[in-house]
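Numbering (the working numbering), first residue to last: 10 to 1093. Heads up, the beta-carbon is just placed ideally off N, CA and C, and yes, glycines get one too. What you are looking at is a predicted structure, and each value in this text was computed from that prediction instead of being measured. To keep things clear, I will list the structure first and then write my remarks on it.
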């Protein structure tokens, strides 16, 4: 086959020309995104119910919705959260679920509940994102809207012209508007008049709602078509409302104007937004699960560009946050690092091969392999993102391995006197089997990653596919195009190519250290062969030491993918429950106003959002500012302001998490230890949680314990609720029944109601409230006098008891089980805190029907850890089986396979030395190692076998044959190992930091008009998550490759010699046994 291809150079050239053309076309049409979306598809059901307590919401609202939602097909997980006046049920589905059908199914099931909801509860609303879940990560764009108009006009433009266009963009799930001020009709009820006519607010509400009801009266036939006749109601004017009959007695009709005052104006703002001190409308855009961040961002901006010219003059939209642009910056950084990888590899090739032509041949191998990979990615619909790019960057070092071995072997045959064509054919055939085995082992190891599940599969499967495609392409190019290009290189020796006298002197200068290295290596191999036991003992001790270090000193288990920004300072305040919006705004202004007085350029943007009792201020900085001490100084100043407040919850954080400030319960508190408990009985669950925390508190290192009943309550502890209890004994002494008493209490408690109605064809807010609603005191309720039907006047405090009780800030459930999280802060290193957390978890004696799970934030679950371990075990097993199949032996594969556990020494060393956490990407690095560390061992063991079999021909002793085989394979082993390691160095944070401090690099950057500080700041602005993943992957691979290469060069020859001598000894003993048996048989 090789001979056939080499005799068809034009056909091969045309094939690769087609590869180039298709590769560029595929790249242009390839889907480009930033990070893979690890979130599962979801639907969120939100329902509002006045100011009902979380316990009441859970029983009467959340539970029925949960029961209906649990029946939806394709449901994977069901979560619910009940907070004051609000129920949220989240349904997470399998990734292959048809979400349109799931939404329709859910809507039909909820429609059966809508008539049975508690009085006053609004209808459930289904959406694709939870806009209150600040951990969802789907908010990816934020813009501010301003112009020479009042807020009402801006709201109208946004609502009527811009919002419908943005909502229709593919990939956009929801829009949340901050600072919106809608038009409303205010109905102020007169309490005395309402009492006089025995009316309650609910009756007024019903009467007004009847004005906007639609009625289907009948059907009519016209010709061959049937028509439905509908009567539509709409409030046309305030006079119509004033003349609305709300009650009727024998004497007169009671009009709405008799019991209330009506007016039209702007509704009281429910949220506020400011940008750099200027009031604005802020629009937060949430994306759908699985939507491409970059493409969705581009579509949104394109739609805005189309709509803006049609909007009123002066209307302005400014982008504050654009995750799509930040993702592009990540990709640009990856592109740059990938180019660094290729550049370093080319430099190494020139140094080791000392031939420009050979270096060009291998560079072409990389180019064509990448283009073929892109074609495969386009065909299999694999997107181009930071994960697939990292797979290609990792593969660059491995892509050259096959080409280097082929080229080295071709020229070795030329040195033996063969012509170019025969040398190319024989050179490829001789190493073809070993290269096929080496590539297959790597491909098989990555193929095992198909067994990853859930978010691990979504995150790392594209990386595996990119490496599989690239390595397969590399093997194809090495067997076809590399030998063809080798025919163009002159000379019989790869390193005798002389272009000039200066080039010859350079080659001679480079040859001396390489020849010295080759000679010295031969002496070391001979030395270790004479001290086999010492080598094995030292290796065993190192293996035991670093295995122990790995399991005792290195933190394990994190999920390394996530996007956490640290380019801003955040101030978050939470007021006591019941505080006014304006009060929260006054507090946050005390942080905002000192920054507005600073000189221009002190920060990039200053945004403020106020929502109910919570306010958040975010100060964003440019890349240049981040490189200076200014952000930390500004943060310290804000902390100083925060320390002057008491009675409210304040958080100041960002830039550096080590000096964040907490005061009270803001929801930003950090606990380094937590366990989540689940059970079907809420009271027993809370009691058991308290019991566990009592045990935990006995440890002197434990501080700041907490029971988190709801993750949505965001800092709300137990709240106070007023309870009115009817004294039934007192009722017996008066002519009054319970229903009459409850009606009176309800009439006086229903202070305010917000609903929506139609006014002049437009949907606006209807605000129904008593005139004294803003000043009403619940304590004053006891002093009210109720008149019985017989005319008896009784003070309410004689019939009821008013008391206060504690209620949880929220109630969470998972799969219809109550869920609480017990948290504590363990004052020690993170490793010790985690070890103590795991010991508490393992010692739990759970009641029947209860369960528990470790609740590490952003860490691997127990199932994910087991999944990774099994993938690693299966990968190692398949690698061994492939090698055994190709060699038709067990001894050689065992020798080769021993490199895998020996590579673990380097992995443990590098994580222990750098002090980094061994996260999920590091586990993936071990899977990579299982496939690539055996490659050089395969080459060495194959050559060892060849030289040992030729001992009779060459006249060498056993040790000399092993030494010669090792020297023959030293250059390709070193070159492939070093290119792989060096190709990964640009992805390693420690190397990048060292490189950016290198004087030559600093000088080059400054000559180009840039600055190192600016470059570092840019990385801080949005690349941490990506670089962390790269570093973990590179760290595992680099550490493992270093120890595996040293093991291959010095330990594998010893192991091979021991196995070979053992096989010889066993063979001699078996022959002696058979000889004795034959002799005994002949004597008999």
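Please report how far the alpha carbon of residue i lies from the alpha carbon of residue j, in whole angstroms.
i: residue 916; j: residue 458; result: 20 Å
i: residue 497; j: residue 383; result: 28 Å
i: residue 246; j: residue 269; result: 16 Å
i: residue 699; j: residue 155; result: 51 Å
i: residue 655; j: residue 622; result: 15 Å
i: residue 1102; j: residue 40; result: Because the chain in this structure spans residues 10 to 1093, residue 1102 falls outside the shown range and cannot be described.
i: residue 22; j: residue 489; result: 10 Å
i: residue 82; j: residue 70; result: 22 Å
i: residue 925; j: residue 460; result: 27 Å
i: residue 936; j: residue 929; result: 11 Å
i: residue 774; j: residue 732; result: 30 Å
i: residue 29; j: residue 379; result: 10 Å
i: residue 849; j: residue 809; result: 47 Å
i: residue 66; j: residue 397; result: 46 Å
i: residue 584; j: residue 703; result: 29 Å
i: residue 766; j: residue 168; result: 17 Å
i: residue 336; j: residue 350; result: 21 Å
Per DSSP, residue i is paired with what?
i: residue 577; result: 629
i: residue 663; result: 578
i: residue 194; result: 273 and 775
i: residue 327; result: 153
i: residue 819; result: 92
i: residue 135; result: 54
i: residue 795; result: 803
i: residue 614; result: 629
i: residue 187; result: 291
i: residue 397; result: None; residue 397 has no bridge partner.
i: residue 658; result: 583
Find out if the Cβ-Cβ distance for the pair residue i, residue j is shorter than 8 Å.
i: residue 615; j: residue 601; result: yes
i: residue 487; j: residue 444; result: yes
i: residue 780; j: residue 198; result: yes
i: residue 451; j: residue 474; result: no
i: residue 686; j: residue 861; result: yes
i: residue 182; j: residue 138; result: yes
i: residue 1096; j: residue 96; result: Examination of residue 1096 is not possible in this model, given that the chain is present from 10 through 1093 alone.
i: residue 940; j: residue 455; result: yes
i: residue 51; j: residue 106; result: no
How far does the alpha helix (DSSP H) with residue i in it extend, from its first residue to its last?
i: residue 388; result: 365-388
i: residue 637; result: Note, residue 637: premise wrong, no alpha helix (DSSP H); not H, not E.
i: residue 251; result: 247-251
i: residue 456; result: 429-456
i: residue 901; result: 900-906
i: residue 562; result: 541-562
i: residue 738; result: 737-740
i: residue 715; result: Premise fails: residue 715 lies in the beta strand (DSSP E), 711-717, not in any alpha helix (DSSP H).
i: residue 946; result: 929-958
If you follow the beta strand (DSSP E) that residue i is part of, which residue opens it and which one closes it?
i: residue 831; result: 826-835
i: residue 295; result: 290-296
i: residue 56; result: 51-57
i: residue 491; result: Note, residue 491: premise wrong, no beta strand (DSSP E); alpha helix (DSSP H) at 463-495.
i: residue 670; result: 670-672
i: residue 425; result: From DSSP, residue 425 is part of no beta strand (DSSP E); its letter is neither H nor E.
i: residue 965; result: Where residue 965 is concerned, there is no enclosing beta strand (DSSP E), given that its DSSP letter is neither H nor E.
Just confirm the distance between the C-beta atoms of residue i and residue j, as a whole number of angstroms; I'd bet it's less than 8 Å.
i: residue 705; j: residue 833; result: 5 Å
i: residue 662; j: residue 579; result: 6 Å
i: residue 483; j: residue 408; result: 5 Å
i: residue 972; j: residue 535; result: 5 Å
i: residue 176; j: residue 184; result: 6 Å
i: residue 911; j: residue 1052; result: 6 Å
i: residue 630; j: residue 581; result: Wrong, their Cβ atoms sit about 18 Å apart, outside the cutoff.
i: residue 495; j: residue 416; result: 6 Å
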